[in-house]
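Have a look at the structure below, then the notes.
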Amino acid sequence: MANIRQIAQLAGVSVTTVSRVLNNHPYVRNDKKEAVLRAIEESQYSRNINAVHLSRGKTNLIGVVTPYSNHPYYGGIIEGISKKAQEAGCHLVIFQTDYIKEKEQEALEMLKMKQLDGVIICSRSSDISLLKEYLAYGPIILCEDTSQTAFSSVSIDHYAAFSCALMHLAEKGHKKIGYSLGRKNSRNSSQRTKAYRDMIQKYNAEYQETWIFEGCYTMKDGEELFHKWSMLNNRPDALIITNDEAAAGCMIAARKSGIQIPEQLAIVGFDNNYISKMLDITTVSLPLEQIGITSFELLSSQTETRQVKLDYSLIERKSV
Numbered sequence: 177m178a179n180i181r182q183i184a185q186l187a188g189v190s191v192t193t194v195s196r197v198l199n200n201h202p203y204v205r206n207d208k209k210e211a212v213l214r215a216i217e218e219s220q221y222s223r224n225i226n227a228v229h230l231s232r233g234k235t236n237l238i239g240v241v242t243p244y245s246n247h248p249y250y251g252g253i254i255e256g257i258s259k260k261a262q263e264a265g266c267h268l269v270i271f272q273t274d275y276i277k278e279k280e281q282e283a284l285e286m287l288k289m290k291q292l293d294g295v296i297i298c299s300r301s302s303d304i305s306l307l308k309e310y311l312a313y314g315p316i317i318l319c320e321d322t323s324q325t326a327f328s329s330v331s332i333d334h335y336a337a338f339s340c341a342l343m344h345l346a347e348k349g350h351k352k353i354g355y356s357l358g359r360k361n362s363r364n365s366s367q368r369t370k371a372y373r374d375m376i377q378k379y380n381a382e383y384q385e386t387w388i389f390e391g392c393y394t395m396k397d398g399e400e401l402f403h404k405w406s407m408l409n410n411r412p413d414a415l416i417i418t419n420d421e422a423a424a425g426c427m428i429a430a431r432k433s434g435i436q437i438p439e440q441l442a443i444v445g446f447d448n449n450y451i452s453k454m455l456d457i458t459t460v461s462l463p464l465e466q467i468g469i470t471s472f473e474l475l476s477s478q479t480e481t482r483q484v485k486l487d488y489s490l491i492e493r494k495s496v
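Here it is, written out as structure tokens:
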């Protein structure tokens with residue numbers, strides 16, 4: 177395979193001229209440009225893309241770390257990132273991790289090796305201390321609420337959003353409220369749990385550990401949640417469920433079992449996905465696509481770290 181010097185000899189031009197043609201430099205005479213392009217075609221020249229990245233100091237590749245790529249929550253965020261990336265002429269490298277730390281670290285190592293311009297982390301299991309070790313190699317944006325000012329982040333106030341859902345149920349007369357989580361120890365789950373406990377304490381409301389359900393992400397998880405609820409001797413009369421997918425699974429299973437929604441069981445979801453609109457599920461609307469858009473903007477304009485909070489809203493429908 178020919179190298180750049182051989183291309184120059186074949187075209188009868190300087191190495192500098194070949195370099196300008198390869199980099200689409202505007203100040204190259206048409207005859208010389210055509211000669212270089214002919215020489216490239218004749219010699220089947222192929223550029224070493226890694227060398228190009230190193231010389232330019234930029235790859236136009238952005239790493240996106242997500243536990244799942246087929247879940248509407250993360251899909252919405254990735255859609256927002258993708259829109260801004262296309263506008264900027266960048267490409268995304270998706271790392272689906274299933275919350276496996278080693279898979280998350282693959283993206284960080286590629287950042288270290290200058291194979292990525294930056295990394296956006298939609299959700300993580302790695303310790304923040306590990307992420308800090310890679311900040312010297314490029315921007316790392318977190319899609320979570322964090323007190324770590326070393327990172328730029330974009331998030332929703334999950335404490336306030338969950339409190340909003342709780343107050344809505346309380347105003348509708350519900351006093352026995354349960355809820356479900358995804359990962360118990362995640363930042364978002366911790367905020368939701370704190371909001372719940374604060375409400376219980378403030379209003380001296382009834383509370384049982386059996387009213388808290390974990391590992392709830394999908395429609396199937398929501399169906400299983402309903403079956404767990406139905407087996408309780410003392411059942412909550414309302415549930416705030418992790419997301420709309422799980423809320424839909426719970427609602428469908430409840431209706432199949434003859435449970436009246438919301439008379440016997442009120443349900444509130446999260447995200448405001450299409451399925452919540454189809455099933456008339458009351459939900460807390462989260463601007464998922466905007467999270468992705470903002471995260472890319474933070475990465476692109478990385479001058480100083482910023483922590484951005486986006487708004488949420490309660491969408492009242494017929495499940496409460």
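Its first residue numbered 177, the sequence shown is counted upward by one per residue in the working numbering.
Think of the CB as a built atom: it goes at the ideal place given N, C-alpha and C, for glycine as much as any other residue.
Rounded separation between residue i and residue j - CA only
i	j	result
SER328	VAL295	11 Å
SER452	VAL444	10 Å
ASN410	LYS259	48 Å
LEU198	CYS392	52 Å
GLN324	GLN272	24 Å
ASN355	PHE472	Checking the displayed sequence, the identity of residue 355 turns out to be Tyr instead of Asn. Cα-Cα distance, rounded: 32 Å.
LEU311	SER305	10 Å
ARG181	GLY188	10 Å
THR479	GLN185	44 Å
SER461	LEU415	17 Å
ILE270	THR481	23 Å
SER477	PRO315	10 Å
THR192	LEU474	36 Å
THR470	VAL484	8 Å
LYS308	ILE317	11 Å
Three-state secondary structure assigned by DSSP to residue i
i	result
PHE338	helix
LEU318	strand
LYS441	It is Leu, not Lys, that sits at residue 441 in the sequence shown. It is coil, neither helix nor strand.
PHE446	strand
TYR203	coil
TYR355	strand
GLN483	strand
VAL194	helix
GLY294	strand
HIS267	strand
PHE389	strand
Nonlocal neighbours in the same chain, by C-beta distance under 6 Å from residue i, ignoring five residues either side
i	result
ALA424	MET395, ILE451, LEU455
CYS340	LEU490
LYS348	VAL496
LYS352	GLU382, PRO412, ASP413
PHE338	ARG368, ALA371
GLU390	LEU357, LYS360
Residue i classed as buried or exposed, judged by whether at least 16 other C-beta atoms fall within 10 angstroms
i	result
MET286	buried
ASN448	buried
SER433	exposed
GLN367	buried
ARG300	buried
ILE276	exposed
HIS334	buried
HIS350	buried
LEU342	buried
7 Å CB neighbourhood of residue i in its chain, flanking five on each side removed
i	result
LEU268	ILE238, VAL240, ILE257, SER258, ALA261
SER365	LEU357, GLY358, ARG359
MET427	ILE437, ILE443, LEU455, ILE457, SER495
LYS279	PHE271, THR273
LYS288	TYR310, TYR313
Near the ligand GDP: residue i beta-carbon under 8 Å from a heavy atom
i	result
ASN448	Summarising the ligand content, the structure contains no ligands, and the ligand GDP is consequently not present.
Beta-carbon contacts of residue i that lie in its chain and below 8 Å, excluding the five residues immediately before and after
i	result
ILE467	GLY252, ILE253, GLY256, CYS319, VAL330, SER331, ILE332, LEU486
TYR203	ARG196
Taking three-plus beta-carbon pairs below 8 Å as touching, is the stretch 202-211 in contact with the stretch 255-272?
-> no
Counting pairs of Cβ atoms below 8 Å between the stretch 401-410 and the stretch 370-377, do you hit three or more?
-> no
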